[in-house]
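Taking this note's numbering, I'd label the letters of the sequence shown as residues 3 to 296. Step one of this worksheet: look at the structure below.
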Amino acid sequence: MRGRTGRVCAVGIAGLLLVGTMVACADPGESPQGQAAPVAVTGTPTDAPLDEAVAEPSPSVSGVAGMGAAPSRRASPTPKPTKKPTRPSGPATKPRPVAKPPTETKVPPAPPKPAPTSCKPSYKGTQATRAQAKAALTDAAARTYWPTSAPELKIPLDLVKATAWQESGWQSNIYACDGGVGLMQVMPATATWMNQRFEQSYEIDDYRDNAYLGANYLAWLTKYIGDMYFESDFRLDADLCTSELNSCLLNAVIAAYNFGHGAVAQEGEPLTIPNPSYVRNVRALMTECVCLGY
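Right, here's the structure in full:
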């Protein structure tokens, strides 16, 4: 989840610089989710955890490049099998011209203001290895977050992995200047809201719980925006998107994770994508990120 930082959407875009930002939400009776803000990621995660004695490492790459800028084409991620639609098969559901009233009225806190660009993130504790981060993100994507009202709603693993890479570069112990924490850059206020709302006790600084919070927020956004604009068609398939950024639920969910649900979906208003470059970055990472091969 994030603050207000621009981004854009398109399939298979390479050479994009990545910058992270995020926001959080969730729905009654299901599971929780989180929010985060712009992060100046300073390095690519390694399999070796960071030394706990080092309060803040001094990586050599810039904050933008360290986010996973332009996943190298030299790295050949293992091809991913084509995923079958988890919602009704058939043509894409076009977004409504204006939104229906939301079915979920209890929403998370608004995203924070962007931190000063001169501020550098800090690091606390030991960084999870790539293998640990992968396992946590995979488990989070495999969960059913809406078991009662939308059990068929699924969050694609490549979306979870790409979002985490965009947000933190898979650095589990990074703390952004605006308050975003960990792999999915969840905001503390959002984590608190979700835990209270859904009677959970996820720990924001535990990398596994952080992955659940982020994936749960993606699930909440999918349900929230899907009900308002897409007639409860919750498919997050990239092939349902056209060249118009506001043509599909996938783009809207990515945008809202960065700018907050209120910047994307408003009752009686058309669907808005206020951060196109962020959407394009995440969409590119969903197919080209080196992290997909971890």
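Just so you know, even glycine gets a beta-carbon here, dropped at the ideal spot from N, CA and C. Note that the structure is a prediction, hence the values are computed from the model and not measured.
| Check | Outcome |
| --- | --- |
| Three-pair Cβ contact test at 8 Å for the segment 214-234 versus the segment 265-284 | yes |
| Within the segment 201-270, ranges of the alpha helix (DSSP H) (whole runs, at least 4 residues) | 209-231, 251-261, 263-266 |
| First through last residue of the alpha helix (DSSP H) which encompasses residue 161 | 159-170 |
| Coarse secondary structure for residue 109, derived from DSSP in three states | coil |
| Whole-angstrom C-beta distance between residue 130 and residue 174, which should lie under 8 Å | 4 Å |
| Where residue 147 falls: helix, strand or coil (DSSP) | coil |
| Bridge-paired residues (DSSP) for residue 176 | 125 |
| CA-to-CA distance, residue 259 to residue 170, given in whole angstroms | 14 Å |
| Cβ shell of residue 27 (< 7 Å), same chain only, five flanking positions each side left out | Note that residue 27 scores a pLDDT of 35, beneath 50, so its modelled location is shaky; the value from the coordinates is reported in the next line. Closer than 7 Å at the Cβ level, and outside the excluded window around residue 27, lie 35, 109, 110, 219, 222, 223, 226, 263. |
| Through-space distance from residue 162 to residue 2, alpha-carbon basis | Because the chain in this structure spans residues 3 to 296, residue 2 falls outside the shown range and cannot be described. |
| Cut-off 7 Å between Cβ atoms - residues of its own chain near residue 126, not counting five sequence neighbours on either side | 175, 177 |
| Neighbour-count burial assignment, residue 255, 16 or more Cβ in a 10 Å radius | buried |
| Helix, strand or coil at residue 183 [DSSP, three-state] | strand |
| Residue environment, residue 98, which counts as buried when at least 16 other CB atoms sit within 10 Å | exposed |
| Cα-Cα separation between residue 105 and residue 124, rounded to whole angstroms | 38 Å |
| Which listed residue (277, 135, 114, 248) has its alpha carbon closest to that of residue 211 | 135 |
| Residue from 190, 149, 288 with nearest C-alpha to residue 208 | 190 |
| Backbone secondary structure at residue 284 - three-state DSSP | helix |
| Residue 214 versus residue 100 - alpha carbon distance | 31 Å |
| Per-residue DSSP class, three states only, for residue 94 | coil |
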